[in-house]
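Just below is one structure, and these are the notes that go with it.
Numbering (the numbering used here), first residue to last: 95 to 399.
Written as structure tokens, this is what we have:
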């Protein structure tokens with residue numbers, strides 16, 4: 095009986111706290127924020143990242159791993175009216191409230207080793223697991239309280255990471271890819287997916303990107319559109335799950351139906367946060383929408399970690 099009532103009680107606490115997030119933010123103390131460049135390796139390749147911490151905390155602090163999206167990097171997506179990227183702003187706001195964070199470039203992205211054309215979902219999942227291995231020995235970090243945020247493709251990776259690594263204690267999925275073949279057929283063109291199906295092993299596929307430009311990926315990336323299923327993976331994760339959906343998302347759609355799949359198949363405490371915004375929360379045009387998401391996610395982790 096006690097086991098059944100606990101998740102419900104936690105959910106009630108979450109809803110009350112999130113509804114009062116503005117009040118909670120106003121009374122919390124602020125911490126000085128420090129950042130340091132870090133790196134770790136996987137399969138002989140170096141992965142570069144930034145560790146952001148609250149300086150004046152007593153004892154080890156919880157930490158959030160930030161996973162960027164397709165063709166992105168840890169410091170992309172400049173937020174309107176600021177000099178910070180999405181994850182720079184997230185890291186700072188989190189640290190001011192006592193949460194550390196680690197953002198890094200997947201192999202083949204940003205400043206990390208590797209070539210973009212070799213990227214796959216599986217490799218990114220391994221990179222994310224390696225980031226948690228790295229955090230297990232980081233100073234002043236409580237490795238028993240690790241959360242994850244994944245944006246878009248990073249959300250797909252976060253769902254798989256949570257299912258495969260029990261060290262992940264709480265998850266937030268922002269505009270997460272739920273049905274890979276659907277999303278990437280829209281993003282890269284159905285013709286690219288069809289060509290990849292018929293291609294030879296390791297063949298390079300040049301694809302037009304829906305927002306402009308081209309990209310080159312190996313056949314292996316396209317094969318995984320049918321092999322990696324983040325909805326099936328989330329079934330194996332029973333920790334707290336926050337799913338954020340933009341109703342005007344033209345990349346991961348239709349919304350909120352696609353995001354609701356994560357909630358439907360997740361067995362633990364969860365919440366679907368719907369917002370009247372696009373795939374990246376209108377951050378190029380305004381700041382209030384993305385700050386709303388960051389602050390709601392901050393409150394989520396403060397309660398669930």
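We put the beta carbon where it would ideally sit given N, CA and C, even for glycine.
Given this structure, state the Cα-to-Cα distance separating residue 271 from residue 154, to the nearest angstrom. 33 angstroms
Selection from 261, 301, 268, 167 that minimises the alpha carbon distance to residue 280: 301
Distance, residue 144 Cα to residue 130 Cα: 6 angstroms
Could you have a look at residue 292 and say whether DSSP puts it in helix, strand or coil? helix
Apart from the five residues just before and just after residue 120, which ones in its own chain have a Cβ nearer than 8 angstroms to its Cβ? In this prediction, residue 120 has a pLDDT of 36, which is less than 50 and means its spatial position is unreliable; what the coordinates show is noted afterwards. Answer for residue 120: no residue qualifies.
Looking at the secondary structure, which residues open and close the alpha helix (DSSP H) in which residue 323 lies? Taken as a continuous stretch (DSSP letters only), residue 323 belongs to no alpha helix (DSSP H), as it is neither H nor E.
Run through the stretch 123-156 for me and flag every whole beta strand (DSSP E) of 3 or more residues, listed as ranges in chain order. 127-136, 139-148
Do the stretch 192-200 and the stretch 154-166 touch if we need at least three Cβ pairs shorter than 8 angstroms? yes
Same chain, Cβ closer than 7 angstroms to residue 230, five either side skipped, listed in chain order: 237
Endpoints, the alpha helix (DSSP H) within which residue 250 is located: 247-258
Cβ contact (3+ pairs, closer than 8 angstroms) linking the stretch 291-298 and the stretch 359-366: no
Cβ-Cβ distance between residue 246 and residue 164 below 8 angstroms: yes
Would you kindly check if the distance between the Cβ of residue 308 and the Cβ of residue 296 is under 8 angstroms? no
Residue 179 (DSSP reduced to helix, strand or coil): strand
Go ahead and pull the three-state DSSP assignment for residue 263. strand
Quick check on DSSP: helix, strand or coil for residue 385? helix
Rounded to the nearest angstrom, what separates residue 128 and residue 357 at their Cα positions? 35 angstroms
According to DSSP, simplified to helix, strand and coil, what is residue 298? strand
Leaving out five residues before and five after residue 256 in sequence, what residues of the same chain have Cβ atoms less than 6 angstroms from its Cβ? 262, 265, 331
Where do the ends of the alpha helix (DSSP H) carrying residue 275 lie? 274-282
Rounded separation between residue 179 and residue 205 - CA only: 16 angstroms
Under 8 angstroms: do the stretch 379-398 and the stretch 179-189 share three or more Cβ pairs, one atom per stretch? yes
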